[in-house]
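J.: Below: one structure in structure tokens.
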Amino acid sequence: MFRRSKVTEGTGTGQGPAAENEVGIRKKSRVPGVMITQFIETLPEGKSHPDFTRKPIALTIQEGKFAFFKAIVTGDPKPTVAWSRNNGDVSDTSKYQSKYDANSNEHTFEMPNVTPAQADTYKCFATNEFGQAMVTVVLNVIEVGYKKNKPQQNATEPVNGGFKNVLRKSKVRPKSEQTEKKEGELDPKFWEMLLSADKKDYEKICAEYGVTDFRWMLKKLNEMKKEREEEQAEFVKNISNLRHIRVNADGSASFEIDMDLIEQSSSIYLYKDGEMIPYTKELGDTMKHSLRRVGRKYIFSMRDLMPEDGGFYQLDVENVNIFSTDFKIPMVDFLVKIQEVKAMEREDAVFECVLSVPLAKISWFGKNLPLEQGDKYDIEVSEDKLIHRLVVKDCMVVDKGIYSACAGIKSCNAWLVVEADKDADQGKKSVRKTTKAGGSGIDLQKVAQEQHEKLEKKKEELQEQIKAAKETEPPPEPPKPRIGNPAVVTPARPAVKAVRRSGNEKPADAPSHKAVVEAGGSEMSELAPAVANEPVITCGLSDMYCLRGKSAELKVIMNMDCDGTWFKDGEPLNSSPVISISKDSTYQTLTFQNCQNEDSGVYRFVSGDQSTQGKVIIGDVPEFDPDDLQKFSKPLTVRVGQNATFKMPFAPQEALIVNWSKNGTEVKDGGGVKIVKEPNHSRLLFKDCLRADAGEIKIQLKTPFGTAEATSQLFVLDRPGPPEGPVETVETTSSVIAIEWKPPKDDGGSPVTNYVLERQQTGQSLWTQLGRVSGDKTSFRDRNVTHGKKYSYRIYAENSEGLGDSLETADSIMAGIMILSGPPGAPKVVCASKTCITLMWSPPEDDRGVPVIGYQLEKRKKDTNQWISLNAVNEPIEDVNYAVKDITEGAEYEFRVLAINESGAGDPSPPSAMVCAKNPNMRPYFKDPEDFIVVRAGNSARVKILYEAEPPPEITWLKDDEQLPDWIKVVNSEGMSQLVIPSSKRSDSAIYTIIAKNSVGQASFDVEVRVTDEPKSPGPVELEQTVHGRVLITWAPSPDQELDDRLYYAVAQRDSNTRVWKTIADRLFTNTYTVSNILPGLEYHFRIFAKNDMGLSDPSQSPTWGVNRNRVPITHKGSNSTLISFERPPSILVPLKVHAPPKGYQVYMTCAVRGFPTPTVSWFLNDQCISSNSNYYITNSFGVCCLYILRVRPKDSGEYKVVAVNSFGQAECSTKLIVRE
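Encoded structure:
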């Protein structure tokens, strides 16, 4: 790492390429770091001196890359821009290029293929006639293979070396430059690791580097932290969320840090083992190291991991270390990789792997996310730390995906496939299963044991090599005396071997008379060679744990025979009945006869200038109370889904470690397991127990003085599993079926009491219970069977908890021997057409004693060898005839038939004769044609005629026995011919004849087409009385009478009493009509209508007939009469309502209409008149208009409208009908 020197600007006022001899006024810029010199005191109006709106940014770049600076300047007049450097010339255009972009107003200074020699401080000058603006920028170039301690040519250092060389802050040096450490000297990595570590990791780091003086360490660490924070505050506002390096699921490694830089342009450097390494900020770049920034989070990643990527990584901002992390890559591989797991919903899935070397923990990932121990996942490790296991509990469909295990830089992955439980009730959550899916499929314990033996063998071989090497080395020279306490003290070892005890049992392997430190009760001091004839301690003291009431000894070995003094807690010691001090040549020994609490303390031995000390701690092996032990040892029985709790009291003790295990595997807190540890007791809780939770439960109390264990059993009761299959058929006759099975693997924790059997006959859906079999029997004889029929069986195991899952026979079992029917007679063709072939056959002559229940029909197409079944065996044809519709027109087929009995389909019959799927030759005939069609003039007319004929006939149309005009079109298709008149006229009315002719014969049919329109009104109406009580009505004919021979007339009458029009005559083909029953004293009015197939014409009104018809009008003197008129336009009194009936229901629509004269009411559906449509029943009674639909259909949906019209106007109302499906 290098530090950028603080630079005093070397350019004075007026210096620069454009102003060498001018003296000006210093001005302040809005952009920090810009120096402005104004040449005159007062600027002219509208003019300005140069300034930077965007200044160049400092750049650190790897050599060989493209380097550039960008700047934007302002000023009036427009300034000129020039570039220079402190220690060199920029006139070489092959190395330096100045450019200007008029669109963006950017000035660019480019250096392609930058070299380390170009690292310097560069200056940018902007000059016009009123002043000059100048800014400096630093370019740092990283050499390929650049070493962290290699001095970089400082961009700000003068040529004559007037400034000091840049100093490197970090103490971590590359391996090639590391010198041999002196005695007691700590590795600089130790302090760098502590500065970036959490407090919980301090003990682990100290143990790794052999530091035991924690007070001294913490004091010095606090001083270093304070100094480091002051340095960091110069460049960084805040640092948080430091995450040390770790391997990700995708095979990369990364570490993260959240920090806020004071200057976003500050340079960030990355080092590995003291060497600077290049990195990229571009996504998708092929460089190994990369930096990605997300907000205030900086993520440094490393891809394509290799063993040599392990090392000590440091992150620096400018010249200050921010973060350090140690990447250790264990040399490990997977002997057994995790395998794909297929699990049912709500079942547990297990992934297992075996490592080549023991590891306490590996990383598990699910769908690229790290997994931790908890309610959803169980992470287990074997005692030898070779077998690692991930349990995905209570699998759901969303859990499927890729899961991976990472150990070091090695990884393996596999799919988890979760299948939905089809047996679960729809809409209900299925019951959690007690089974586990997956695993490696091989004996992992065997593989791990073999690997453990290999590792132990290698370890022994290595120890023998070390021992042999030591024996061949010359004896070391005596060490020199050392003054003062060493900074690093070897960590203490336990004083006695671990003692395993249960209850009040005495330790079997405890020493009977002495408890000594392992490896001789002391450790060899790594001291410098001693000067001859001076006493030196060659084997000093260490901390020791002693059992109360046992003997123990402290021993010190000198390099020569000399005297010394023992101290306890600073007080000198002498021999006593409790403590014995002895010397044997170079061995100095302090012996405890019977260790008691008062013997605990710090013991020190001093000989001359040499001294060594160690701590003695007295204690007992942990014990359980006999009553509590007896109570705990009783087995605990629970049912599936219940909670199981174990509690064990014990005496409080320092440094006590409590561990729970099940079947030899340590139980961890999380998921369905809850562990509570208190000073005087511990509890283990299994929530919602499963069958897999059953086993041996053990609690272990461990202290430096030994261990104590207590054991209990957990039994989890559940329904038994399914019996073991497959179901074997022992015997099958016409009256008996005997079957056998095996007991279930899992009896649910209690013995099987019964087996329940059910039976289903093939072809039926009902399962019938046959009975129960005692739990000690695994066979059953079914005597209630019918010969030739097939049966399936289901077997359930039952215990005290209920019925378990069933075991079902794979295939149905037939009672007796299969007897198939003989062949029926060959099928005969009854009739054939292009869509259907009807066959008939005779039953088999020999049914072989078993009744025939039906037939199976097969077909074979000509020029093929495959017979295709037209019906399944379980769907037999009951009759001896069948109409085959699954055929292709024009293809030739032959057929055969098989008789079906209880045993299945028998022998096939001989095939039928080959038959072609086509219609037989026949004379043309027409199917239900219409002989009369009326069309409104102007509309298109379509005459559709359906026919049948074979072979297809030739179709001819004639109009009045003559050829059709050109505008009339004929459209022919298979089985239908259609005559189309696009826009009909009255002249198109005629008799149209269709003629169909083929080789068998011909047929013809006449259709009368009448093109007409609503008739015009008749002429004037005259009334004449022929005799008393009778009136002769005469009217002029309608103009359409000559054009329409089907036109006729109708007469309506209204008198002064009723004022209601009623039809008194209809279908009159004359122009006169005599009305009878004309009463005196009443007025009569008559209307004449012309009618044809299209409807009614407007009426022709007659003159009034009746009272005072020939009376002379009377003149009223002095008074005026007023004429009262009842005539009014139509109006809607009660409108239509919206209807939404279901399909097939009836609908009744009503509305009320008023008007005089009585209005004519018409009904419309979607603007199409339906008044004359026979599908609707329409009535109008005294203004109440009704429409009735017997059964509504979807096509009846739409907008219905009622229109009332008279001579004074029109009224309408509408509604919607919605037919629901």
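Residue numbers (my numbering): 697 to 1917.
No residue lacks a Cβ here, since even glycine has one placed at the ideal position from N, Cα and C.
A quick note: this is a predicted structure, and the numbers were derived from the prediction, not measured.
With C-beta atoms as the reference, is Ala1913 less than 8 Å away from His1835?
T.: The sequence given here places Leu at residue 1913; Ala does not occur at that position. Yes, the Cβ-Cβ distance between Leu1913 and His1835 is below 8 Å.
J.: Mind listing, in chain order, the continuous beta strand (DSSP E) runs of no fewer than 3 residues lying wholly within the segment 1790–1876?
T.: 1824–1830, 1843–1852, 1856–1861
J.: Name the residue from Gln1289, Leu1861, Ala1056, Cys1235 whose alpha carbon lies nearest to the alpha carbon of Ser1303.
T.: Answer by Cα proximity: Cys1235.
J.: Ordered along the chain, which non-local residues of its own chain (more than five positions away) have a Cβ less than 6 Å from that of Ile721?
T.: Gln734
J.: How many angstroms separate the CA atom of Ala1340 from the CA atom of Lys900?
T.: 36 Å
J.: Under a CB-based cut-off of 8 Å, is Asp1863 close to chain C?
T.: Reference to chain C is not applicable here, since this structure consists of a single protein chain.
J.: Following a CB-centred definition, is Met731 positioned closer than 7 Å to any heavy atom of the ligand ADP?
T.: Ligands displayed in this structure: none; no statement on the ligand ADP is therefore possible.
J.: Does DSSP put Ile1179 in a helix, a strand or coil?
T.: Confidence is the limiting factor: at Ile1179 the pLDDT is only 33, short of 50, which leaves the residue's position unreliable and the question unanswerable from this model.
J.: Leaving out the 5 sequence neighbours to the left and right, which residues in its chain are closer than 7 Å to Ser1517 when beta-carbon positions are compared?
T.: Pro1540, Asp1543, Arg1544, Val1546, Val1548, Ala1595, Asn1597, Gly1602
J.: Using a Cβ-Cβ cutoff of less than 6 Å, which residues in the same chain neighbour Pro1606 once the five nearest sequence positions on both sides are dropped?
T.: Ala1522
J.: Tell me, to the nearest whole angstrom, how far the beta carbon of Val1088 is from that of Ala1116; I am working on the premise that it is less than 8 Å.
T.: At roughly 16 Å, the Cβ-Cβ gap does not stay under 8 Å, so Val1088 and Ala1116 are not in contact.
J.: Please list, in chain order, all residues of the same chain as Ser1868 whose beta carbon is under 7 Å from its beta carbon, the five residues on each side excluded.
T.: none
J.: Using the three-state DSSP reduction, which class does Ile1034 fall into: helix, strand or coil?
T.: coil
J.: Considering Cα atoms alone, identify which of Ser1271, Lys1279, Glu1420, Ser1272 is closest to Met1256.
T.: Lys1279
J.: Where does Lys1096 land, buried or exposed, given buried means 16+ other C-beta within 10 angstroms?
T.: buried
J.: Report the three-state DSSP secondary structure of Cys1291 (helix, strand or coil).
T.: coil
J.: Tell me, please, whether the segment 1854–1863 touches the segment 1871–1891 by the rule of three or more beta-carbon pairs shorter than 8 Å.
T.: Contact between the segment 1854–1863 and the segment 1871–1891 is established, with three or more Cβ pairs separated by less than 8 Å.
J.: Out of Asp785, Asp1321, Lys1251, Gly1337, point me to the one whose CA is closest to Ser1307's CA.
T.: Lys1251
J.: Relative to the C-alpha of Glu1718, which candidate in Tyr1745, Trp1757, Pro1711, Tyr1769 has its C-alpha closest?
T.: Tyr1769
J.: Run the CB neighbour count on Phe1904, radius 10 Å, all protein chains shown included, and call it buried at 16 or more, exposed below.
T.: exposed
J.: First and last residue of the alpha helix (DSSP H) that includes Tyr792?
T.: Run containing Tyr792: none; DSSP gives neither H nor E here.
J.: Going along the chain, which residues of its own chain have a beta-carbon closer than 6 Å to the beta-carbon of Glu1504, five neighbours each way excluded?
T.: Arg1490
J.: Starting from the N-terminal side, write out each stretch of the beta strand (DSSP E) that is 3 residues or longer and does not extend beyond the segment 1072–1140.
T.: Listed in chain order, the complete beta strand (DSSP E) runs (minimum 3 residues) inside the segment 1072–1140 are 1073–1077, 1083–1088, 1097–1103, 1106–1115, 1132–1134.
J.: Could you pull the start and end residues of the alpha helix (DSSP H) that Asp1478 belongs to?
T.: From DSSP, Asp1478 is part of no alpha helix (DSSP H) but of the beta strand (DSSP E) over 1475–1478.
J.: On the CB-based measure, 16 or more other CB atoms within 10 Å of its CB, does Asn1495 come out buried or exposed?
T.: buried
J.: Would you call Cys820 buried or exposed, if buried means 16 or more other Cβ atoms sit within 10 Å of its Cβ?
T.: Taking a 10 Å sphere around the C-beta of Cys820, we find 16 or more other C-beta atoms and assign the residue as buried.
J.: Please name the residue, chosen from Val1317, Ser1680, Gln1159, Val1127, that lies closest to Gly1245 on a Cα-to-Cα basis.
T.: Just measuring C-alpha positions, the residue of Val1317, Ser1680, Gln1159, Val1127 sitting nearest Gly1245 is Val1317.
J.: State the start and end residues of the unbroken beta strand (DSSP E) segment that holds Pro1422.
T.: 1420–1428
J.: Express the C-alpha separation of Tyr1745 and Phe1765 in angstroms, rounding to a whole number.
T.: 6 Å
J.: Can you give me the Cβ contacts of Asp1762 inside the same chain, cut-off strictly under 6 Å, excluding the 5 residues immediately before and after it?
T.: Ala1746
J.: Is the distance from the Cβ of Ala1248 to the Cβ of Phe1301 below 8 Å?
T.: no
J.: Apart from the five residues just before and just after Thr1846, which ones in its own chain have a Cβ nearer than 6 Å to its Cβ?
T.: Cys1882
J.: What would DSSP say about Asn1567, mapped onto helix, strand or coil?
T.: Looking at Asn1567 - three-state DSSP - the assignment turns out to be coil, as it is neither helix nor strand.
J.: Can you tell me where the beta strand (DSSP E) holding Tyr1918 begins and where it ends?
T.: Outside the modelled stretch of the chain, which goes from 697 to 1917, sits residue 1918, for which no answer is possible.
J.: So Ala1110 packs on Val1037, CB below 8 Å; how close in whole Å?
T.: Indeed they touch by this definition, with Cβ atoms about 7 Å apart.
J.: If I'm right that Cys1049 touches Ala1101 with Cβ under 8 Å, what's the distance once you round it to whole angstroms?
T.: 5 Å
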